[in-house]
Amino acid sequence: MSEQIVPDTQHRGLVERLPQLPRDLAQLARFDRPIGWWLLFWPCVFSVWLAGSGPQFALLGWLLLGSIAMRGAGCVYNDIVDADLDKKVARTAARPVASGRISKRTAWVWLVALCLIGLIVLFQLRLEAQLVALSSLALVAAYPFMKRITWWPQAWLGMAFTWGLLVGWVHLRFDNWDMLAAIYAGCIAWVVGFDTIYALQDCDDDALVGIRSSALRMGANVKSGVAVFYGATIALWALGFWLYRADLVALLALLPVSLHLIWQVATLDADDPDNPLTRFRSNRWAGALMAAACFVVGNA
6 MSEQIVPDTQ HRGLVERLPQ LPRDLAQLAR FDRPIGWWLL FWPCVFSVWL AGSGPQFALL
66 GWLLLGSIAM RGAGCVYNDI VDADLDKKVA RTAARPVASG RISKRTAWVW LVALCLIGLI
126 VLFQLRLEAQ LVALSSLALV AAYPFMKRIT WWPQAWLGMA FTWGLLVGWV HLRFDNWDML
186 AAIYAGCIAW VVGFDTIYAL QDCDDDALVG IRSSALRMGA NVKSGVAVFY GATIALWALG
246 FWLYRADLVA LLALLPVSLH LIWQVATLDA DDPDNPLTRF RSNRWAGALM AAACFVVGNA
């Protein structure tokens, strides 16, 4: 079984005990790597808690289900498009489609099933939020091709991956667009930062097969580059908070997540094979800290 587990998996528990086909489908949707749907879900929480309508646990439950399903659908689509490239990269060669354990036809069926779950979630939202959610599909569809044409596919990923921020806000409110734009831009910078860290795992293979990434573009300056994007993240989030509520408490609420991002940069070691993945996964807690800040600013 071990040869079928990609190096960055968190292949434990239920997924590990599944029969071969369900296990491959679970891996195809990255159910064995929950960090992806956490990072998709947190921007939804940011806007819902900033909206000032309280915890909204029922809404967040639906958005969490949608994040899991649509992150899975995005991964399946990405693996279908990238199957030939994945075969050439050590970390991705064992993926179900690239390795041939799952046919592309089966992958398409699985993709449709996951999208149907997303459709159920979509119907829980007001019409305007439904339209905003659907408008993200063009970004998602284009993303796998960005690494072939630009050194900054992480920026495109940032636009797509944080779209839930807009969906959650429009479902609850329809104002403060300048604030929302600043928070959204900060989220994009955050994604560029943490996905650059993630891309450090593949630099050698990516260079050989012609895949472009921000990590390769930054080269020896990758640590400074991540620091710049994380700095922009905090600055833009601070601007958004100030536009929403011009007081010191709003800015102080960002201190914990700021310190966490500083820690990531200070301890990032591109030469340690385990360090980038650990720092990348720690953004689960960065998202939680930013969500807490949003709740303080929106509801305190």
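All letters in the sequence shown, in the order written, are residues 6 to 305 by our numbering.
Think of the CB as a built atom: it goes at the ideal place given N, C-alpha and C, for glycine as much as any other residue.
- Distance from the CA of I85 to the CA of V102, rounded to the nearest whole angstrom, comes to 7 Å.
- Proximity to V302 across S72, M164, L256 and K92 peaks at L256, based on C-alpha coordinates.
- The Cβ atoms of G169 and P48 lie closer than 8 Å to each other.
- Excluding the 5 residues flanking it on each side, F246 has same chain C-beta neighbours closer than 6 Å at A255 and V302, in chain order.
- By the beta-carbon neighbour count (other beta carbons within 10 angstroms, threshold 16), Q25 is exposed.
- Taking the Cα of G292 as reference, the smallest distance to any Cα among L30, P27 and L44 is reached at L44.
- If you draw a straight line from the Cα of G224 to the Cα of W156, it is about 11 Å long.
- With a threshold of 16 other beta carbon atoms within 10 Å, I73 meets it and is buried.
- Counting of Cβ neighbours within 10 angstroms places V270 among the buried residues, the total reaching 16 or more.
- In this chain, the alpha helix (DSSP H) harbouring S229 covers V227 to Y249.
- In the three-state DSSP reduction, A146 falls in the helix class (H, G or I).
- Excluding sequence positions up to five before and after A194, its CB lies within less than 6 Å of the CB of F234, A237 and T238, all in the same chain and listed in chain order.
- The region 124-140 makes no contact with the region 99-116: fewer than 3 CB pairs, one atom from each, lie closer than 8 Å.
- Residues of the same chain with a CB within less than 6 Å of the CB of G57, apart from the 5 flanking positions on each side, are G303 and N304 in chain order.
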